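These protein sequence lines are chains Z and X, in that order. When the letters of the first sequence are read in order and numbered with the numbering used here, they come out as residues 14 to 236. When the letters of the second sequence are read in order and numbered with the numbering used here, they come out as residues 40 to 257. For each residue, glycine too, the CB sits at the ideal point set by N, CA and C. These numbers come from a predicted model, not from an experiment. To start, the structure under review is shown below, and the notes come after it.
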Amino acid sequence: MQLHKHWWKILSILLLTYTVIAGFLIEVPDLPIIRQSIRNLFFHVCMWFTMIILFTVSMVYSIRYLRNFRPSDDAVASEASHTGLLFGFLGLFTGMLWANFTWGKAWTNDPQLNGAAVSMLVYLAYRVLRNSLDEVHKRAKVAAVYNIFAYVILIIFLFILPRMAEGSLHPGKGGDESMTVKGLDDRMRLVFYPAILGWILLGTWILSIRLRIRRIRERLQEH
Amino acid sequence: MIKEIRYLILKDMMLEWKQKYAINGILLYILSTIFLCSLAFEGLLEPDTWNALFWVVLLFAAVNAVSKSFVQEAPGRQLYYYSLARPEAVILAKIIYNILMMLLLSLLFYLIFTLFLGNFVKNPVLFFLAVITGSTGLAALFTMISAIASRTNNNSALMAILGFPVILPLLLLMIKTSRAAIHHMSWEGSGLWLLSMGGLIIIIITLSTLLFPYLWRE
Chain Z
14 MQLHKHWWKI LSILLLTYTV IAGFLIEVPD LPIIRQSIRN LFFHVCMWFT
64 MIILFTVSMV YSIRYLRNFR PSDDAVASEA SHTGLLFGFL GLFTGMLWAN
114 FTWGKAWTND PQLNGAAVSM LVYLAYRVLR NSLDEVHKRA KVAAVYNIFA
164 YVILIIFLFI LPRMAEGSLH PGKGGDESMT VKGLDDRMRL VFYPAILGWI
214 LLGTWILSIR LRIRRIRERL QEH
Chain X
40 MIKEIRYLIL KDMMLEWKQK YAINGILLYI LSTIFLCSLA FEGLLEPDTW
90 NALFWVVLLF AAVNAVSKSF VQEAPGRQLY YYSLARPEAV ILAKIIYNIL
140 MMLLLSLLFY LIFTLFLGNF VKNPVLFFLA VITGSTGLAA LFTMISAIAS
190 RTNNNSALMA ILGFPVILPL LLLMIKTSRA AIHHMSWEGS GLWLLSMGGL
240 IIIIITLSTL LFPYLWRE
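Here you go:
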């Protein structure tokens, strides 16, 4: 990967600084119940986007590994899933804070929440599977197979099943359009879109640092 | 290919018939779990609890029945099969065999379950369809998971860890369909659920056939 250039890291810092400052200072529409907690949109929702993108990266590199068995592809798959889990937990945490404020409970049996919980479980299981195999090539191969298998089922679950459920507390799923992309306030869009890009860039940055740490560790073990 | 699959299925059936302890073990497991539930849930059973219990116990029976798929035979003999048949044939034969076994088991399970815990179903045809598609799905998915888990040293624990998150979409659909069958006679919406279950099963089988060749090639 051509990740050693610096401009996108600077862009990430700038975008996230803008997100934090503007996210807390701009005027937001004062909706009932949600009130000022609507600012969580710039953090909570972006965590999920970043997580899904990192899991997708992990799956793509698993496919690449199965095509030509390069250890570096397996390294990316493993570290991307790890970084994705980090963002998943942050998304869960920010979501629970938000849910506690608006719905009165930190955890509800919402299809969206179940989807989040299942994706966490899948990738935690992926880690357990990796740890239970000692031989490097076997581990890479078996983990890649599970990664692809689980990812496809997970995506089906995340994007199809919530739409079949009776209704969701999440906006935009139960026919309420006030908070979907279409109903989003224009001022908020100005922060929301840069925020998504900023968080995704940050995720990529963390991933590239993790990969470098891994490479250094492997080189140290060789000597 | 079809010939290979047929012979592999026949081989599995004969093996099962020869060493009956495996299938007997599962039958005993089903019987004792249901008996346990009938004692533990005495007087507490409502239609929805009955439904949840049905699927949870069937889920564990499926894990137990399918988990031995790739570990009951010695690695050396597995290697021998691989030299005779294509990997796609090996996994498809296992999936078909496990589906047949699960169909048989789940029908028996349904009989014993209603015997001990009563029957709340209002739309038996729909419930029956849910059981058939559900156990097909369970068998197909856990066959692939057991193939993955058999590569590790910790087969039985990993089966549950790897399998439960991925079985959830199917399980939710099964519970939804059977809940509809318990509460009312109408077929409204359940056709879509059965169809999406069928779609999921086809996706699972396709993925298994695509990915399994990478698993056995060491």
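When C-beta distances to chain X are compared with 7 Å, the residues of the region 148 to 159 of chain Z below that value are 151, 154, 155, 158 and 159, in chain order. When secondary structure is reduced to three states using DSSP, residue 59 of chain X falls in the coil class, being assigned neither helix nor strand.
With at least 16 other beta carbons inside 10 angstroms of its own, residue 204 of chain X counts as buried. By the rule that beta-carbons nearer than 9 Å mark a contact, residue 253 of chain X touches chain Z. Under the three-state reduction of DSSP output, residue 226 of chain X falls in the coil class, being neither helix nor strand. Per DSSP, the continuous alpha helix (DSSP H) segment holding residue 169 of chain X begins and ends at 163 to 188. Excluding the 5 residues flanking it on each side, residue 31 of chain Z has same chain C-beta neighbours closer than 7 Å at 207, in chain order.
When only Cα atoms are considered, residue 52 of chain X and residue 136 of chain X end up about 8 Å apart.
At a beta-carbon threshold of 8 Å, the residues of chain Z lying near residue 192 of chain X are 145, ordered along the chain. Using a 10 angstroms sphere on the CB of residue 199 of chain Z, the tally of other CB atoms stays under 16, which defines it as exposed. For the pair residue 220 of chain Z and residue 96 of chain Z, the CB atoms are nearer than the 9 Å cut-off. Rounded to whole angstroms, the gap between the alpha carbons of residue 198 of chain X and residue 103 of chain X is 9 Å. Across the region 108 to 138 of chain Z, CB contacts with chain X closer than 7 Å involve 131, 134, 135 and 138, in sequence order along the chain. At least one CB atom of chain X sits nearer than 9 Å to the CB of residue 167 of chain Z.
For residue 124 of chain Z, the enclosing alpha helix (DSSP H) stretches over residues 124 to 144. In this model, residue 117 of chain Z and residue 103 of chain Z are separated by some 20 Å (Cα to Cα). The three-state secondary structure of residue 77 of chain X, taken from DSSP, is helix.
The shortest CA-to-CA distance from residue 173 of chain X to any of X:59, X:183, X:231 and X:236 is the one to X:236.
Residues of chain X whose Cβ lies closer than 9 Å to the Cβ of residue 161 of chain Z are, in chain order, 246, 249 and 250. Chain order gives the chain X residues near residue 170 of chain Z as 207 and 208, where near means a beta carbon separation below 8 Å. In the structure shown, residue 99 of chain X adopts helical secondary structure according to DSSP, grouped into three states.
Contact annotation: residue 46 of chain X and residue 100 of chain X have beta-carbon atoms that are not nearer than 9 Å. One Cα belongs to residue 145 of chain X, the other to residue 70 of chain X, and the distance between them is close to 12 Å. Non-local beta-carbon contacts of residue 160 of chain Z in its own chain, meaning distances under 8 Å to residues more than five positions away in sequence, involve 71, 72, 75, 90, 94 and 139 in chain order.
Between residue 35 of chain Z and residue 204 of chain Z, the C-beta gap is smaller than 9 Å, which places the two residues in contact.
DSSP places residue 66 of chain Z in the helix class (H, G or I) of the three-state scheme. Remark: C-beta atoms of residue 37 of chain Z and residue 48 of chain Z do not approach each other more closely than 9 Å.
The C-beta of residue 163 of chain X comes no closer than 9 Å to any C-beta of chain Z. Between the region 150 to 164 of chain Z and the region 182 to 202 of chain X there are three or more C-beta pairs closer than 8 Å, enough to call the two in contact. Here the alpha carbons of residue 222 of chain Z and residue 228 of chain Z stand approximately 10 Å from one another. Within the region 71 to 85 of chain Z, 79 place their CB atoms closer than 7 Å to a CB of chain X, listed in sequence order. Per DSSP, residue 107 of chain X lies in no alpha helix (DSSP H) and is assigned neither H nor E. Assigned with DSSP and collapsed to three states, residue 148 of chain Z falls in coil, not helix or strand. Residue-level contact check: residue 114 of chain X does not touch chain Z, since none of the beta carbons of chain Z fall below 9 Å from its beta carbon.
In chain order, 109, 112 and 126 place their CB closer than 8 Å to the CB of residue 120 of chain Z, counting only its own chain and leaving out the 5 sequence neighbours on each side.
DSSP, read as helix, strand or coil, puts residue 206 of chain X in helix.
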